[in-house]
Structure formats: structure tokens, C-alpha cells
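Chemist: I'd like to ask you about the structure that follows.
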Amino acid sequence: MHKLKARASSALPDAGWLFNTRRLEIFLQLYHVNHTQTVATQLGITQPAVSAALKILEKGADSALFRRTPEGVRPTPAADLLYPPISRALNELENIWSDLAARRGGA
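Residue numbers for the sequence shown follow full-length UniProt numbering, beginning at 1 and rising by one.
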């Protein structure tokens with residue numbers, strides 16, 4: 001099995017905020033929908049859960065990801081920067097799980 005080498009220094013924040021796919025799904029949905037309540041309803045969670053996830057992501061990113069407005073939320077430049085790699089990463093994870101499921105079914 002391949003082992004990852006530890007790096008002496010890293011620009012990555014604490015991985016606890018990053019490797020929670022549910023938070024990243026919330027981020028992606030919020031990026032498109034711009035309303036915390038709508039995202040909560042779509043994902044079957046509460047609006048406070050969406051807000052809490054966003055707060056954790058913003059803390060990990062050390063930056064505001066959305067600007068709150070009376071109409072909802074709008075992505076900040078930091079969110080614009082994070083959206084493409086987060087979207088690709090979640091798509092890749094979904095592909096990996098699908099491939100694994102197919103192998104189990106076909107093996």
C-alpha cells in the first residue's frame with residue numbers, strides 16, 4: 001500500500017474541516033442556490049445545520065465564503081476560487097465509489 005510522505009510544512013488548513021464531504025456538498029449547493037433555507041430543504045437538514053457547516057468551512061478557509069444579503073447569500077472571491085476544485089474533488093469521489101460498487105457487483 002502506498003504511504004503518503006509527511007511534509008515539513010503545508011499551506012493546507014487542519015484537514016478536519018476539509019474532509020467532510022457533507023460540508024463540501026453544502027458549499028456547492030449554496031454556491032448555486034444562494035439561500036440557506038433552500039439548501040437545507042434540498043439536503044433534508046435544518047437551516048442552522050447549513051449555517052454551522054458554512055461557519056466551519058469559513059473558519060477553515062480563514063475567509064468569508066459568502067456575503068450575506070437580504071436576498072440570501074452571494075459567493076465571495078474566495079468561494080469562486082474554491083468552487084472548481086471542490087466540485088472536481090466531489091465528482092472524483094463519486095466516480096471512485098461508483099467504480100468500487102461496480103467491481104463488487106461484477107466480481
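C-beta atoms are modelled at their ideal positions from N, C-alpha and C, and glycine is treated no differently.
Predicted model, so just to flag it, every value in this text is computed and none were measured.
By the three-class DSSP mapping on this structure, what secondary structure does G72 have?
Modeler: The answer is strand: DSSP assigns G72 an E or B state.
Chemist: Considering just the uninterrupted stretch of the alpha helix (DSSP H) at L65, what are its terminal residues?
Modeler: L65 -> no alpha helix (DSSP H), and no H or E assigned at all.
Chemist: Taking the alpha-carbon of A79 as reference, which of L57, I96, G105 has the nearest alpha-carbon?
Modeler: Looking at the Cα atoms, L57 is the closest of the given residues.
Chemist: Under the rule that 16 or more other beta-carbon atoms within 10 Å means buried, what is I96, buried or exposed?
Modeler: Burial call: exposed.
Chemist: Measuring only the C-alpha atoms, how far is Q42 from S63?
Modeler: Approximately 26 Å between the Cα atoms of the pair.
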